[in-house]
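Protein chains in written order, with my numbering: chain A, 2 to 468; chain B, 493 to 703. All C-beta atoms in this analysis are idealised placements derived from N, C-alpha and C, irrespective of residue type, glycine included. Just so it is clear, the structure is predicted and the values come from calculations on it, not from any experiment. Worksheet: one structure, shown below.
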């Protein structure tokens, strides 16, 4: 059983240090940016006059900037770094094409920066999950190609034919994202379809960015970390393959659930709801395979991140099914409850599993121990409380908003007043999450500084590295 | 999963299957929608958006109005949208055929705007809303500018102070034109027939022959 404070470095871990650290430091930097924007956006929901005189910070633009900074800045960078590292370690081969990877990572972050600034300047596309303007997208696509090439090389050049569940999920994420991204760019921006078809394609893309790109990386991390940190193999591993394919096949159809009751053909949302039910099999398999991680609340701080992430993942899967039912959808559709679900999935499930992976890989790619191991536990407590307060606050706001909207006599001032207490709680949660993001960023930077000083001293006195 | 090429092809097939099923199938179904010609009114509906309104939609997009407002009236069994007078019927796909980038929205911080043009009386009312804001919506003061009192701006003043009047900018006028154009009350024949409440099944009479 390994501890995150240990620095166990093998050749395959440390060769890609520069590009992986570049991706991780950028990711954690973007996490701070997106959390600041999320805090501003949440304040504006209960105090609409906040920063209202500044056109760059109108709520719509803040929302679009926050989404882009979170998805392409934090989640994208982190997903690339974790999946590349997993494929290298599990394939038993150092990453190749590092120059390409470093260049791709630099241009990816340049593209995201330009995209977020463009949104502030009024260039947003207003397409969810594809808010950055069309002229930025080709740069991101090429950069993603450069970043994913070493992953494909790591998969094809692996030392053994046998593969693990972590590799399936990581490869699926890396391989499917460029296809998904290019299809969306053509159908939504370059040669756009029009009318309601545009909304259907946008929902297909937005849902699959989460289901086929980001979540598979988080699940890959869980399948790698749980056996490694607990010393217990995944239970009933023979089901893992079915769990994987059920996510890929059924998950791809769930985008239409946001179109329930609207102008899209009814079959679109019906298919999505059926797919959500079928997806329960995937969550069941994950729960059966990884109970050691799911109930690891007394383990190391890294394991607690895994436990929180897996719990959030499974709870969100159930919540998706419940909120797609007719009675619940009628009440909660178009409310803050859907925002709470999104926070639970991306801020809870995805982010916590990625945090755990980073706490494992950080020392291994840097060749140094975490400078303050106690800070990992602090980060967990702050991040977990921030996520819970935000999600519960938004869920409460959504619940109150839904009930207030259901009374036709209530005007929107009354609806807003009903939602305000929940939004105030969520604002406190966002402020706590900002603290968590700052802690994680500075710990990662300190690790890098520590590793530089270790490297300088080891040049004077060479030390043996662990296998 | 030892066979790499088959694994990759299976992944691609899964994604392509959903793309064909959702994106292409809906495109095939909805691309054939054309304006509905109503012989009674001798006009086709919906009507194309005027040029200034189309430019207003770009203002709506760049300000991100869709993050607070939806543009879709749900059917009667899915909520009280119709009771709230947001439309006389649910929104249908045909309502959006002239829109290149529909603004359906995901959260209702403010009211639905699918038919807001029917609720707003004039551009002046829109300017007042945008300039002053409401309890739940901020003022968009940057969409207005000061001009000397009495200057011929060609725009309706929304307020005045010492020697100055506040007038809408071109972007405000375009946005107002867009909002006023949002109105789809017409019940297209095919959709109205398809969504009509079916008459209750007639009770079987005693004389009905037994099968």
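Hey, quick one: how far does the beta strand (DSSP E) through residue i stretch, first residue to last?
| i | result |
| --- | --- |
| residue 536 (chain B) | 535-537 |
| residue 659 (chain B) | 656-660 |
| residue 636 (chain B) | 636-640 |
| residue 528 (chain B) | 528-530 |
| residue 676 (chain B) | Neither: residue 676 (chain B) is in no beta strand (DSSP E) and is coded neither H nor E. |
What residue range does the alpha helix (DSSP H) around residue i cover?
| i | result |
| --- | --- |
| residue 554 (chain B) | 543-554 |
| residue 521 (chain B) | 517-522 |
| residue 343 (chain A) | 337-343 |
| residue 651 (chain B) | It is not in any alpha helix (DSSP H) - residue 651 (chain B) instead sits in the beta strand (DSSP E) that spans 651-653. |
| residue 225 (chain A) | 216-231 |
| residue 362 (chain A) | 352-367 |
| residue 573 (chain B) | Note, residue 573 (chain B): premise wrong, no alpha helix (DSSP H); not H, not E. |
| residue 374 (chain A) | 374-407 |
| residue 87 (chain A) | 77-92 |
| residue 616 (chain B) | 615-624 |
Residues in the same chain with beta-carbon distance under 6 Å from residue i, minus the five sequence neighbours each way, listed in chain order, please.
| i | result |
| --- | --- |
| residue 430 (chain A) | 387, 390, 391, 394 |
| residue 28 (chain A) | 75, 78, 79 |
| residue 170 (chain A) | 217, 220, 221 |
| residue 46 (chain A) | 424 |
| residue 441 (chain A) | 29, 380 |
| residue 468 (chain B) | With chain B represented from 493 up to 703, any question about residue 468 (chain B) goes unanswered, as that position is not in the structure. |
| residue 354 (chain A) | 219, 222, 223, 310 |
| residue 624 (chain B) | 631 |
Where does residue i land, buried or exposed, given buried means 16+ other C-beta within 10 angstroms?
| i | result |
| --- | --- |
| residue 529 (chain B) | exposed |
| residue 464 (chain A) | Annotation note: pLDDT 44 at residue 464 (chain A) (below 50); position unreliable, coordinate value reported separately. Classification for residue 464 (chain A): exposed. |
| residue 511 (chain B) | buried |
| residue 298 (chain A) | exposed |
| residue 89 (chain A) | buried |
| residue 497 (chain B) | exposed |
| residue 501 (chain A) | Residue coverage of chain A in this structure runs from 2 to 468, which leaves residue 501 (chain A) outside it and unanswerable. |
| residue 685 (chain B) | exposed |
| residue 209 (chain A) | buried |
| residue 683 (chain B) | buried |
| residue 232 (chain A) | exposed |
| residue 237 (chain A) | exposed |
| residue 344 (chain A) | buried |
Can you find the residues in the same chain that come closer than 7 Å, C-beta to C-beta, to residue i, ignoring five residues on each side of it along the sequence?
| i | result |
| --- | --- |
| residue 35 (chain A) | 67, 70, 71, 74, 75 |
| residue 638 (chain B) | 656, 658 |
| residue 144 (chain A) | 105, 108, 109, 112 |
| residue 204 (chain A) | 256, 257, 259, 260 |
Can you list, in chain order, the residues of its chain whose CB lies under 8 Å from that of residue i, leaving out five sequence neighbours each side?
| i | result |
| --- | --- |
| residue 116 (chain A) | 69, 73, 132, 133, 134, 137, 141 |
| residue 451 (chain A) | 367, 369, 370, 372 |
| residue 318 (chain A) | 280, 281, 283, 284 |
| residue 668 (chain B) | 548, 615, 618, 619, 622, 660 |
| residue 228 (chain A) | 234, 235, 293 |
| residue 179 (chain A) | 142, 145, 146, 149 |
| residue 51 (chain A) | 41, 44, 45 |
| residue 54 (chain A) | none |
| residue 160 (chain A) | 92, 93, 94 |
| residue 183 (chain A) | 142 |
Are the C-beta of residue i and some C-beta of chain C separated by less than 8 Å?
| i | result |
| --- | --- |
| residue 60 (chain A) | This model lacks chain C altogether; the protein chains it does include are A and B. |
Three CB pairs or more closer than 8 Å across the region 267-280 of chain A and the region 313-324 of chain A: yes
Three-pair Cβ contact test at 8 Å for the region 17-27 of chain A versus the region 106-113 of chain A: yes
Members of the region 582-601 of chain B near chain A, C-beta cut-off 9 Å: 582, 583, 584, 585, 586, 587, 588, 589, 590, 591, 592, 593, 594, 595, 596, 597, 598, 599, 600, 601
Members of the region 193-206 of chain A near chain B, C-beta cut-off 7 Å: 193, 194, 195, 196, 197, 198, 199, 200, 201, 202, 205
Sufficient close CB pairs (3 or more, under 8 Å) joining the region 535-549 of chain B to the region 210-222 of chain A: no
Chain B contacts from the region 179-193 of chain A (Cβ-Cβ distance under 9 Å): 180, 181, 184, 188, 189, 193
The region 394-404 of chain A contacting the region 350-361 of chain A, beta-carbon criterion three pairs below 8 Å: no
The region 241-256 of chain A / the region 550-561 of chain B touching (three or more Cβ pairs under 8 Å): no
Near-chain B residues of the region 105-128 of chain A (beta-carbon distance less than 8 Å), N- to C-terminal order: 123, 124, 125, 126, 127, 128
Residues, ordered as in the chain, of the region 562-579 of chain B that lie near chain A by beta-carbon distance below 7 Å: 562, 564, 566, 567, 570, 571, 572, 575, 576
Chain-ordered residues of the region 516-532 of chain B with a beta carbon less than 8 Å from chain A: 518, 519, 521, 522, 523, 525
Members of the region 624-639 of chain B near chain A, C-beta cut-off 8 Å: 625, 626, 627, 628, 629, 630, 631, 632, 633, 634
Inter-stretch contact (C-beta, 8 Å, three-pair minimum) for the region 529-539 of chain B and the region 191-206 of chain A: no
Residues within the region 654-681 of chain B neighbouring chain A, beta-carbon criterion of under 9 Å: none
Contact residues within the region 68-101 of chain A, judged by C-beta distance below 7 Å to chain B: none
Near-chain B residues of the region 254-276 of chain A - C-beta to any C-beta below 8 Å: 254, 256, 257, 259, 260, 261, 262, 263, 264, 265, 266, 269, 272
Contacting positions in the region 536-561 of chain B - beta carbon closer than 7 Å to chain A: 553, 554, 555, 556, 557, 558, 559, 560
Contact between the region 182-199 of chain A and the region 519-526 of chain B (3+ Cβ pairs under 8 Å): yes
Interface residues of the region 239-250 of chain A facing chain B [CB-CB below 9 Å]: 242, 245, 246, 249, 250
Proximal residues, the region 41-65 of chain A versus chain B, C-beta separation under 7 Å: 46, 49, 50, 53, 54, 56, 59, 60, 61, 62, 64, 65
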